[in-house]
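Written below as structure tokens is the structure these notes are about.
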Amino acid sequence: MSMWFFDEAGEMEEYKSVKKKFSSLEKEYLELRVMLKNSQEALREDPRSERSQARVRHLEKRIRNLEEQYPWLTWETPVEVALFTPPHG
1 MSMWFFDEAG
11 EMEEYKSVKK
21 KFSSLEKEYL
31 ELRVMLKNSQ
41 EALREDPRSE
51 RSQARVRHLE
61 KRIRNLEEQY
71 PWLTWETPVE
81 VALFTPPHG
């Protein structure tokens with residue numbers, strides 16, 4: 001057993017399964033955040049645009065729903081570390 005979790009993580013079936021699921025959610029979350037940023041910039045350029053306002057509200061709602069459903073998306077510690085490493089001490 002090594003001292004560093006990621007040295008052996010690739011060999012763990014549970015880790016591979018979790019990482020595959022989490023990667024797709026993280027990718028979706030990142031894409032939504034980028035779209036929101038771009039939509040907010042467009043809204044700043046034309047604050048009266050109803051389409052931009054609706055898009056920003058829609059993206060904010062989707063992001064909020066993801067964060068509520070998967071709170072680990074906003075954690076500072078990667079979820080793999082929280083799930084698969086032993087506690088300190």
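Sequential numbering of the sequence shown, starting at 1, is according to the numbering used here.
Beta carbons: idealized from backbone N, C-alpha and C, even for Gly.
Computed from a predicted model, the values in this text were never measured in an experiment.
Suppose the cutoff is 8 Å on Cβ atoms and the five residues either side in sequence are ignored; what does the same chain contact list for residue i look like?
| i | result |
| --- | --- |
| Val56 | Leu36, Ser39, Gln40 and Leu43 |
| Arg64 | none |
| Leu66 | Leu25, Glu28, Tyr29, Leu32 and Leu73 |
Taking 9 Å as the cut-off, decide whether the C-beta atoms of residue i and residue j are in contact.
| i | j | result |
| --- | --- | --- |
| Leu73 | Tyr15 | no |
| Leu25 | Tyr70 | yes |
Cutting at 6 Å between CB atoms, please list the residues of its own chain near residue i, excluding the five before and the five after it.
| i | result |
| --- | --- |
| Ala54 | none |
Can you give me the Cβ contacts of residue i inside the same chain, cut-off strictly under 7 Å, excluding the 5 residues immediately before and after it?
| i | result |
| --- | --- |
| Phe22 | Val79 |
| His58 | none |
Practice task
Could you name each continuous alpha helix (DSSP H) segment of 4 residues or more that falls completely within the segment 43-81, going from the start of the chain to the end?
Solution key: Those alpha helix (DSSP H) runs which fall completely within the segment 43-81 and span 4+ residues are 50-69.
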